[in-house]
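Sequences listed follow chains A and B, in order.
Under my numbering, the first residue of the first sequence carries the number 209, and numbering increases by one thereafter.
Under my numbering, the first residue of the second sequence carries the number 103, and numbering increases by one thereafter.
For reference, the structure is listed below as structure tokens.
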Amino acid sequence: MTAHFFEAEHLAYAYPAGPVAVRDVSLSIARASMTAIIGANGSGKSTLIRMLAGLLRPGSGRVVLDGVGLDKWQPRLRAREIAYLPQSTAAAFPFRVLELVLSGRTPHIPPFHLDAVADRERALQALESTGAAHLADRVITGLSGGERQMVILARALAQEPRLLLLDEPSSSLDLKHRAELMRTLARLREERGLAVVMVTHDLQLTGSVFDHIVALRAGEILAQGRPGEVLETGVLAEVYGEPKVRAQRMGGQTLVWVEA
Amino acid sequence: MSAAASEIAAPLRARLIRSLAILLVVLVVATAVGLAVGRQQINFAQLSSDPFARTLFLRLRLPRVLMGLLVGASLAVTGAALQALFRNPLADPFTLGVSGGGAVGASIAIAFGWTARVFGTPLLFLAAFGGAMLAVTMVRAISRTGALIVPGALLLAGVVVNLVSLAMVLTIQYVIDPDSALRILRWMMGSLDVVGLEPIGHMLLVLVPGWLALLAFSRQLHLMAIDEDTAATLGVNVSRCETAVHTLSSLIVGVAVAAGGAIGFVGLIVPHAVRLMFGEDLRIVLPGSLLLGGAFLILADALARTVLPAGELPVGAITGLLGGPAFLWLLRRRQSYAVM
């Protein structure tokens, strides 16, 4: 039995004044799975994940959650199932960290109701699970990039989604924070059956943690499959248009480098 | 900092009740001061015995204080809403050109002598609403490239729309008859002068539903202030929220400007004062700005009425003198965020 609760069917998108950003992309996401979307800059990764998050209406094709088209879902109910982490959250106002994380509880609170004590507890738990509980009282504008990313992740977790979509979350993180992020995601997959879809440039990470890799080139899927199948010299050379890229499996890890 | 940190430790309900209770007391005190202060001393004994004092109080003093409350509350609450909507702490009805657009609409109504009412609402208000709506639509269209609002472009577009609006008002003033021109001039300077309670009633008819509708968007605006994409993935219908807040802001500001003229910076100072005192949550900032905005303009007007030995200062001059420096301070603070 396949447990694919979330599917993209023949997605395509073209920006009004630009070339086609995504064409004919189909994906299936199972419960407790981790999928990485890789590709060169401008290959349509962000456009694709924005369509998956319901932020961008597909030009054609559709996104299906539990057999129902995403546009048919009531926004608040959809928000209980899918959380999205933008590349960066610009902080225009000095919100408190706990306040930001509590905003993730919104889909679970009826309109015109204020957050209850239970919601605060859930928010604090989410902060703890990303190792950011000590930041609860801090102001978001005063945090480092890495700390901020952990807070935003906690916000998404407070939403208690089944599917977490992340758009290049590790780009502003150092090695320690990247490792922490991946550990947190892996743990949530085990504990809650969370499904993760992440746009990333971090090929080293994708090899060991993810179980499915989707490689995009010029808006199309060039290859998808297990890390061992996609993270391979020939495929990567084509994905990035870089003939000197090399990939090698070592134990459970994949090493990717570029020859001088 | 530590005071604000303990703010967040308390649940939102408790913070909301406490902050609104404090601001309500501030408003009541401000109203009492506004009613007590004036060229003519009026006390309670006179109100019951002296018919002249009573007339003065009911026809001039009370309406003027109520006018300050309504206009101040309106400008402040829309300022808070627009700041959240555009995620820009420098946004307010003036910096976004909404007031300017409302002023053009109102000038046209005054110039043509439109005194008719539609369902009890003066045509003047509707004209100001139309002008404000036009301005906000233009500013938004200019500052939007693709899916993004460019922060610098937003304020620049707003300021330019305001300048053009001012030029249009001046043009209208020069081509119409001297009588109407004088009325426009006096109104443009920003004054809360009003005779009798009837105009107040007309304003309430539009403003109270407008305020309530805007407050109903508090939670959506709170999420929008954090991040537009985040708000959308948390269940906010972003485009519907934007349209509603634009329309309601134009309506509220249109009426405030048609009635009170050019009173600047209330929408900027007041929401930030509420933020500094009670934190960033829009569910507190919006109703809090409504209360503090009313109190602030009543007090500013009390000052305007009494600061000169003879005659009075336009209240817009007082709010401008306070608001300009506040704007610059916020600009500096914002730049220090941008670095981080």
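The beta-carbon is built from N, C-alpha and C at its ideal position, and this holds for glycine as well.
Model, not experiment: these values are computed from the prediction.
Asked	Found
Where W216/B falls: helix, strand or coil (DSSP)	coil
For R366/A: DSSP bridge partner residues	In the sequence under discussion, the amino acid at residue 366/A is Ala, which differs from the Arg named in the question. Per DSSP, none; premise fails for A366/A.
Residues that Y221/A bridges to, as DSSP identifies them	V230/A
Status (buried if at least 16 other CB within 10 Å, exposed otherwise) for V347/A	buried
Contacts that F301/A makes with chain B (C-beta to C-beta distance below 7 angstroms)	P191, A327 and E382
Exposure label - P369/A; buried when at least 16 CB within 10 Å	buried
Same chain, Cβ closer than 8 angstroms to D382/A, neighbours up to 5 away in sequence not counted	G354
Residue(s) in a DSSP beta bridge with F231/B	Paired residue(s): none; F231/B is not in a bridge.
Within the region 311-356 of chain A, ranges of the alpha helix (DSSP H) (whole runs, at least 4 residues)	325-337
Beta-ladder partner(s) of F214/A, from DSSP	I237/A and L273/A
Helix, strand or coil at E428/A according to DSSP, with G and I counted as helix	strand
Contacts around Q142/B, its chain only, beta-carbon distance under 7 angstroms, and the 5 residues preceding and following it disregarded	L158
Backbone secondary structure at Q412/A - three-state DSSP	helix
CA nearest to the CA of T180/B, picked from E414/B, G422/B and L384/B	L384/B
For V230/A and L256/A, the rounded distance between their alpha carbons	7 angstroms
As assigned by DSSP and simplified to three states, the class of A106/B	Because A106/B carries a pLDDT of 44, less than 50, the predicted location of this residue cannot be relied on, and the following value inherits that uncertainty. In the structure shown, A106/B sits in a helix (DSSP, three-state: H, G or I).
Start-to-end residues for the beta strand (DSSP E) that takes in V407/A	A403 to V407
Cutoff 7 angstroms: L402/A Cβ touching any chain B Cβ	no
Bounding residues of the beta strand (DSSP E) (the contiguous stretch that carries G174/B)	G174/B -> not in any beta strand (DSSP E); alpha helix (DSSP H) instead, spanning L164 to F188.
Close Cβ partners of A364/B (< 6 angstroms) along its chain, the five nearest in sequence each way excluded	M290, G292 and G418
Within chain A, the residues that A334/B reaches when beta carbons sit closer than 7 angstroms	L263
Members of the region 273-292 of chain A that neighbour chain B once the beta carbon cut-off is set at 9 angstroms	Q282, P283, R284, L285, R286, A287, R288, I290, A291 and Y292
Listed by chain order, chain B residues near T297/A by CB distance under 8 angstroms	I328, D329 and T332
Whole runs of the alpha helix (DSSP H) within the region 249-314 of chain B, excluding any shorter than 4 residues	253-277 and 280-290
7 angstroms Cβ cutoff, D323/A in contact with chain B	yes
Inter-residue Cα distance where the pair is F429/B and M240/B	23 angstroms
Interface residues of chain B facing L308/A [CB-CB closer than 7 angstroms]	I328
Beta-carbon contacts of P224/A that lie in its chain and below 6 angstroms, excluding the five residues immediately before and after	none
Residues that DSSP places opposite H420/A in a beta bridge	T243/A
S311/A at chain B interface by Cβ criterion, 7 angstroms	yes
Simplified DSSP state of A387/A, which is helix, strand or coil	helix
Boundaries (first-last residue) of the beta strand (DSSP E) holding Q461/A	Q461 to V466
Cβ shell of L433/B (< 7 angstroms), same chain only, five flanking positions each side left out	L192
Reference R284/A, options A333/B, P153/B and A123/B, closest by Cα	A333/B
Contact between the region 152-172 of chain B and the region 340-350 of chain B (3+ Cβ pairs under 8 angstroms)	no
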